[in-house]
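For the sequence shown, full-length UniProt numbering gives the first residue as 1, with consecutive numbering after it. Glycine is no exception: its CB is placed at the ideal position from the N, C-alpha and C atoms. To keep things clear, I will list the structure first and then write my remarks on it.
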Amino acid sequence: MKGKWVPSWVLSVWYIMLLCRYFHNCSAFTLPMKEQSYFGTMIFLLDGNVYPKGYYQVVLNVGQPPKPYFLDVDTGSDLTWLQCDIPGAKNLPAPHHPYKPNKNFVKHNDAICASIHGANPPGHTPTDQCDYEIEYADHCSSLGVLVRDAFQVKYTNGTSIAPPLVFGCGYDQEVPRSGHPPPYTDGILGLGNGKSSILSQMSSMGLIRNVVGHCLSGQGGGFLFFGNDIVPSSGIVWSPIVRASSEKEYSLGPADVLFDGQATGIKGIPIILDSGTTFTYFNSKAYKTLLSLIKKNIDTKQLTDAVEDKSLPVCWKGSKPFKSLKDATMYFKPLTLSFTKAKNIQLQLIPEAYLILNDKGNVCLGILNGLEAGIGDVNLIGDISMLDKLVIYDNEKQQIGWAPANCNNLPSLSW
Ligand SMILES: *[C@@H]1O[C@H](CO)[C@@H](O)[C@H](O)[C@H]1NC(C)=O
């Protein structure tokens, strides 16, 4: 007999707790694991705006030694990728020199590769490098190969870590010729809840809770965070994430649309939240209904159609150019998304959440017809409708929450 005797039930409880930590899904063991204090939070400053830039970006330091890259924040996709310095690469103009891979290619037998291609895709041996191809709703695309390298990130308590994370090294980026100009960016930060997202990777390493949130300021900028430490314990409206079979998007569903608090006839439309989309899109039928309601409600003494203004499909001008968005929004009514599966869950869209002021001093509708825009009959809530709100995607509790917030102020750890 060596050492101390441990009753076997102690071992099995310990083992179950270990499994629970691994799968993050046994609520019975949350107390012993001290989850609130064990996991930290990371906060990143955002740069960008809805108009004229059309995107929100974060700076991430990647590689050894770390180099800075600008990445578009996209909750509508999983995989993070950077434009890559590979001979013959077809890259788009970007703020930084492309990422240089260093024989750090991920192989087909890697779990992350399997999460993209399935366990044993035909035509590949386990030691093949793992390629990827992503096409976004706007038909922009990136093709490349997966690599693993250090991401330098910092907890709010000041401790820096550099976990090795898998991301795409993109060597063929395409943008449709007819669409909007591509964002001036080094890559995309995918924050969907699939296994390949860097958030899921850090969460399965036990570094962070699988919770991500953003606060996009209407004045530009804002912040992004990983972890649940700064989530306020009250004042947030929570709605369950609805998961369609293969979709990794953040879907809330179904909702009725109200105009100035009144029913519009738009009922039960499934809603997707997507920070990678600048404007908000509705399916063709809902869009037409909304547009005619908004038009009917317009005071034609104050606003007239600006048909010559092509910045967006629908623009209005005042008797003289508007100096601020506020001067124009007083002529518009609020919209409400009222989720039908749960009581009292509403997303309020004040006029500032669906209108922009453009460089001509006209006010334009930031809600577009998904079908006409070529992204299909979808209902996507984009950046414009999430401004000045704290939006939290909690992949552990499978819910999304939101609350009005001042996104110009960084959160302190005690709200
Ligand atoms: C900061 O937080 C992280 C994650 O919770 C923890 O691992 C680290 O030890 C903390 N550092 C300090 C200095 O407290």
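Would the C-beta of residue i count as close to ligand 1, meaning under 8 Å from any of its heavy atoms?
i       : result
Phe-39  : yes
Asn-210 : no
Tyr-184 : no
Asn-228 : no
Thr-159 : yes
Tyr-171 : no
Going by beta carbon distance, what residues of the same chain come within less than 7 Å of residue i, once the five residues before and after it are set aside?
i       : result
Asn-395 : Asn-193, Asn-210, Val-211
Ala-306 : Cys-315, Trp-316, Lys-317, Asn-362
Met-205 : Pro-163
Quick check on the DSSP output: the beta strand (DSSP E) that includes residue i runs from which residue to which?
i           : result
His-214     : 211-216
Leu-207     : No beta strand (DSSP E) holds Leu-207; DSSP gives it neither H nor E.
Leu-165     : 164-174
Asp-131     : 131-135
Ile-272     : 269-273
Asn-61      : 55-62
Gly-48      : 42-49
residue 432 : This structure does not reach residue 432, given that the chain is present from 1 up to 415, and the question cannot be answered.
Gln-219     : That residue, Gln-219, is in no beta strand (DSSP E); it is neither H nor E in DSSP.
In the DSSP assignment, find the alpha helix (DSSP H) that holds residue i and state where it starts and stops.
i       : result
Ser-141 : Unbroken run through Ser-141 is the beta strand (DSSP E), 141-154; no alpha helix (DSSP H).
Ser-292 : 284-296
Looking only at its own chain, which residues have a Cβ that is under 6 Å from the Cβ of residue i, when we skip the five neighbours before and after it?
i       : result
Leu-368 : Phe-279, Tyr-281
Tyr-55  : Gly-48, Asp-72, Pro-183
Cys-215 : Gly-222, Phe-223, Leu-390, Ala-405, Cys-407
His-108 : His-124, Pro-126, Asp-128, Cys-130
Leu-312 : Cys-364
Tyr-287 : Asn-369
Ile-350 : Pro-334
Is residue i helix, strand or coil when you go by DSSP?
i           : result
Thr-159     : coil
Glu-249     : coil
Ile-236     : coil
Cys-113     : helix
Ala-405     : coil
residue 502 : In the structure as shown, the chain starts at 1 and stops at 415, and residue 502 therefore has no counterpart that could be examined.
Asp-305     : strand
Pro-254     : strand
Ser-385     : helix
Leu-92      : coil
Ser-37      : Residue confidence for Ser-37 is low, a pLDDT of 47 falling below 50, so the modelled location carries little weight; the figure read from the coordinates is stated next. Reduced to three states, the DSSP call for Ser-37 is helix.
Leu-189     : strand
residue 416 : Because the chain here runs from 1 to 415, residue 416 falls outside it and cannot be looked at.
Leu-79      : coil
Leu-410     : coil
Ile-86      : coil
residue 416 : What the structure shows of the chain is the stretch from 1 to 415, and residue 416 is not part of that stretch, so it cannot be assessed.
Would you say residue i reaches chain D, if we count a Cβ-Cβ gap shorter than 9 Å as a contact?
i       : result
Lys-320 : Here there is only one protein chain, and chain D is not present.
Excluding the 5 residues flanking residue i on each side, which residues of the same chain have their C-beta closer than 8 Å to its C-beta?
i      : result
Met-42 : Val-153, Lys-154, Tyr-155, Thr-156, Ile-208, Phe-225, Phe-226, Gly-227
Pro-65 : none
Considering only residues of the region 313-388, which uninterrupted alpha helix (DSSP H) runs meet the minimum length of 4 residues and lie entirely inside it, listed in chain order?
-> Taking only runs of at least 4 residues, the alpha helix (DSSP H) segments lying wholly in the region 313-388 are 325-329.
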